[in-house]
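So the protein sequences, as listed, match chains Z and X. For the first sequence, numbering that gives the first Met the number 0 assigns the number 0 to the initial residue and increments by one for each residue that follows. For the second sequence, numbering that gives the first Met the number 0 assigns the number 0 to the initial residue and increments by one for each residue that follows. In this text, a Cβ means the ideal position worked out from N, Cα and C, and glycines have one as well. These numbers were taken from a predicted model, which means no experiment stands behind them.
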Amino acid sequence: MARRNPIVYLVALLLIGLMLGPVLYIIVGGFRTNSQITVAPAGLPDPWVIGNYTDILASDLFWRQVGNSTIVALVTTIAVVALGVMASYVLARYKFRGRGAMYALFAAGLMFPATVAITPLYILVKNLGLVNTLPGVILPQIAFGLPTTVIILVPFLQAIPKEIEEAAMIDRCSRLGFFWRMVLPLSVPGLITTGILAFIGSWNSYLLPLFILNDQDTFTLPLGVQAFASQYSVDTAKVLAFTSLSMIPALVFFSLFERRIVGGLTGAVKG
Amino acid sequence: MQTPPPVRPRRRGIGWAQRLEIVALSGPAILVFVSFVIFPVLMAAYYGFYKWKGYGVPTNFVGLDNYKTILQDTAFHEALWHNAEILVLSLVLQGPVAIGLALLLNRRMRGQSAIRVLIFVPYVISEVITGTAWALILQTNGAGNDILSSIGLGALTEDWLADPKLAIWSLMFILTWKYVGFAVILFLAGMQNIPDELAEAAAVDGASFWQIQRHITLPLLGPTIRIWAFLSIIGSLQLFDLVYIIWGQYVASTAGTSTMATYMVVEGRNAANYGYGNAVAVVLFVISMVIALIYQRFVLRRDTEGALTGGR
């Protein structure tokens, strides 16, 4: 075993290099000038310039798009988790006819990401008068976030021991009281996992905002990055700076909650 | 639901209260889900029968004309073929790579948790950023070719994105980069459910590391692998973001990377031909569903017995 270890570490190192290379390329490239990039596309900054970053941080458009992305992601996350845990509680702890059908309804949604429904969805949002508004993106995102949330949360809520529920009933706790006082606190880890998945999904979402939003002031960051990249296609350094600033929140979020995400996926696979 | 149980009047009172709770708790989720997921899919089927620019009520009923056009359009045939290539190559490339990496990372080693986090980073980064970065790296005068030249492999520099022979492989490389971390995390999670005792017992009986992986880990990882493959297949069929971002709306077809979804957006929305776009959506939906159902019927059945049809 010990003999093999150096190779294992070498492979792991190569792997990390390959995975992080492009990310570092974006971040480091933002510290270079365009002429540096043209002369040596893969070189290091010499000298380091911070102008690209400070220009972007000083632009209203960037912060407006950060704001849009944040609002959309937060509202989506809260709504998906709230609606999802309520529906999952019903699926997990109530016995009623149609329960299987209801579960199947959400599970079927898992098979079809927004791609399939995007054209009619756009028309629906247009008929509701929500084109070019953030709710026009948020409402469909909540709907498309529900299947994952429900599928992860149902086994989670089923795992809460029956004895706790019986004890609560003996103490004259209603089912709703049980849900509010026991289930919600006990399911916080699951709620965080699904919340993070919803947040990252929303933060990165591209197709839906592409259809719904067509004014730079309502753009979320992914659209902003793309618009910026085509508008300043000759100013590669600034595009790189814009891109690296826009990926910070998702990365921070992920690194804070990495264990929860991995743990949540484990539960989903088992469930 | 409609017919309450006949006798037991005492239980019925509880039943009504419970029914109210069920409706109150699950109603909002079902309402949103049906309005914004189920309803649009049904409307696509309706709009697909019309020639329609997307304004007002569709009136120009054309029957199955849209579908005939789709099925006869060589651009759609090519897109469909690219989806098939991407589907197969994703399974063949990402599966073994991810299993290998998961086996590697499942061993006790220094910095293991750090590596697990880092390998997941590309999955967390948005498709737009992934696409923008790789487009810059892989363009002819980009960093990729620059690195090849500087390490003496100048002969290998290529036009990675525009050459129709290479573009699909560049796409596969980028897709693997982006999504392999997700597969590795899934597989690692699956491996943690395999009791250590099995491997220990086999080791006591003299099994080598590779024999243990081949005869214990892999078979017990089967359910996880099959679920991953399902997610990968669905993702491949509906692939849009990365292709549209890197190859744009115009060059995807000449570079040989167009997919059904990019075809749908280019021919439907960008051409303001919404009736046609909806018909493409229906075709995409039917293809995805048929493949999903076949896969569940024949491959997933033993793992998720009833997961998509029943409760548990």
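{"Check": "May I ask you to list, following chain order, the residues of the stretch 166 to 194 of chain X that have a beta carbon less than 8 Å from some beta carbon of chain Z?", "Outcome": "TRP176, GLY180, ILE184, LEU185, LEU187, ALA188, GLY189, GLN191, ASN192"}
{"Check": "Any idea if Z:ASP214 is buried or exposed, counting beta-carbon neighbours within 10 angstroms, 16 or more meaning buried?", "Outcome": "exposed"}
{"Check": "Let me see if you follow: with CB-CB separation under 8 Å, is Z:GLY176 close to chain X or not?", "Outcome": "no"}
{"Check": "With DSSP run on the structure shown, which of helix, strand or coil describes X:PHE239?", "Outcome": "coil"}
{"Check": "Give me the DSSP bridge partner(s) of X:TYR49.", "Outcome": "X:PHE60"}
{"Check": "Do you know offhand how far Z:GLY97's Cα is from X:LEU160's?", "Outcome": "50 Å"}
{"Check": "Rounding to the nearest angstrom, what Cα-Cα distance links Z:TYR205 and Z:LEU17 in this structure?", "Outcome": "25 Å"}
{"Check": "Which runs of the alpha helix (DSSP H) at least 4 residues long sit entirely within the stretch 101 to 185 of chain X? Give them in chain order.", "Outcome": "111 to 123, 126 to 137, 142 to 149"}
{"Check": "Please decide whether X:ARG10 counts as near chain Z, where near means a Cβ-Cβ distance under 8 Å.", "Outcome": "For X:ARG10, the pLDDT reaches just 46, beneath the cut-off of 50, and the residue's location in the model is therefore unreliable, although a value from the coordinates is still provided. False, the Cβ-Cβ gap to chain Z never drops below 8 Å."}
{"Check": "Strictly below 9 Å CB to CB, what residues from chain X border Z:SER245?", "Outcome": "SER125, VAL127, ILE128"}
{"Check": "Here's the rule: buried if 16 or more other CB atoms are within 10 angstroms of the residue's CB, otherwise exposed. What is X:SER207?", "Outcome": "exposed"}
{"Check": "For X:TYR294, which residues in the same chain have their Cβ closer than 7 Å to its Cβ, ignoring the five residues on either side in sequence?", "Outcome": "PHE229, ILE232"}
{"Check": "Following the continuous alpha helix (DSSP H) through Z:ILE38, name the residue where it begins and the one where it ends.", "Outcome": "Inspection of the sequence shows that residue 38 of chain Z is occupied by Val rather than by Ile. 33 to 38 is the span of the alpha helix (DSSP H), which, as asked, contains Z:VAL38."}
{"Check": "From Z:SER229 to Z:LEU220, what does the alpha carbon distance come to, in whole angstroms?", "Outcome": "14 Å"}
{"Check": "Would a C-beta distance cut-off of 8 Å place Z:LEU145 and Z:GLY108 closer than the cut-off?", "Outcome": "yes"}
{"Check": "Quick one, which residues of the stretch 56 to 75 of chain X are near chain Z if we go by CB-CB under 9 Å, in chain order?", "Outcome": "none"}
{"Check": "Give a yes or no on whether the minimum CB-CB distance between Z:MET181 and chain X is below 8 Å.", "Outcome": "no"}
{"Check": "Between which two residues does the alpha helix (DSSP H) harbouring X:ILE215 extend?", "Outcome": "Taken as a continuous stretch (DSSP letters only), X:ILE215 belongs to no alpha helix (DSSP H), as it is neither H nor E."}
{"Check": "Rounded to whole angstroms, how far is the Cβ of Z:ILE36 from the Cβ of Z:ALA236, which I believe are closer than 8 Å?", "Outcome": "6 Å"}
{"Check": "Grab the span of the alpha helix (DSSP H) containing X:GLN295 for me, first residue to last.", "Outcome": "From DSSP, X:GLN295 is part of no alpha helix (DSSP H); its letter is neither H nor E."}
{"Check": "Does the stretch 266 to 278 of chain X come close enough to the stretch 194 to 208 of chain X to have 3 or more Cβ pairs within less than 8 Å?", "Outcome": "no"}
{"Check": "Could you tell me which chain Z residues have their CB closer than 9 Å to the CB of X:ASN140, listed as they occur along the chain?", "Outcome": "THR37, PRO40"}
{"Check": "Between which two residues does the alpha helix (DSSP H) holding Z:THR53 run?", "Outcome": "50 to 56"}
{"Check": "Roughly how many whole angstroms lie between the Cα atoms of Z:ILE25 and Z:ASN126?", "Outcome": "40 Å"}
{"Check": "Per DSSP, what kind of secondary structure is Z:ALA41 in: helix, strand or coil?", "Outcome": "coil"}
{"Check": "Name the two residues that bound the continuous alpha helix (DSSP H) containing Z:VAL124.", "Outcome": "113 to 126"}
{"Check": "What residues from chain Z crowd round X:PHE239, counting only those whose CB sits closer than 7 Å?", "Outcome": "THR114, LEU206"}
{"Check": "Is it buried or exposed for Z:ALA11, if we count other Cβ within 10 angstroms and need 16 for buried?", "Outcome": "buried"}
{"Check": "With DSSP run on the structure shown, which of helix, strand or coil describes X:ALA44?", "Outcome": "helix"}
{"Check": "Taking only runs of the alpha helix (DSSP H) that begin and end inside the stretch 200 to 264 of chain Z, which ones reach a length of at least 4 residues, in chain order?", "Outcome": "206 to 211, 220 to 230"}
{"Check": "Counting C-beta neighbours from all protein chains within 10 Å, is the total for X:VAL91 16 or more, i.e. buried, or is it exposed?", "Outcome": "exposed"}
{"Check": "Please report the straight-line C-alpha distance between Z:PRO44 and X:VAL36, rounded to a whole angstrom.", "Outcome": "48 Å"}
{"Check": "Following the continuous alpha helix (DSSP H) through Z:PRO5, name the residue where it begins and the one where it ends.", "Outcome": "4 to 28"}
{"Check": "Between which two residues does the alpha helix (DSSP H) containing X:ILE193 stretch?", "Outcome": "Looking at the DSSP string, X:ILE193 is not in any alpha helix (DSSP H), and its letter there is neither H nor E."}
{"Check": "Do you know offhand how far Z:ALA116's Cα is from X:THR68's?", "Outcome": "20 Å"}
{"Check": "On the three-state DSSP scale, how would you describe Z:PHE105?", "Outcome": "helix"}
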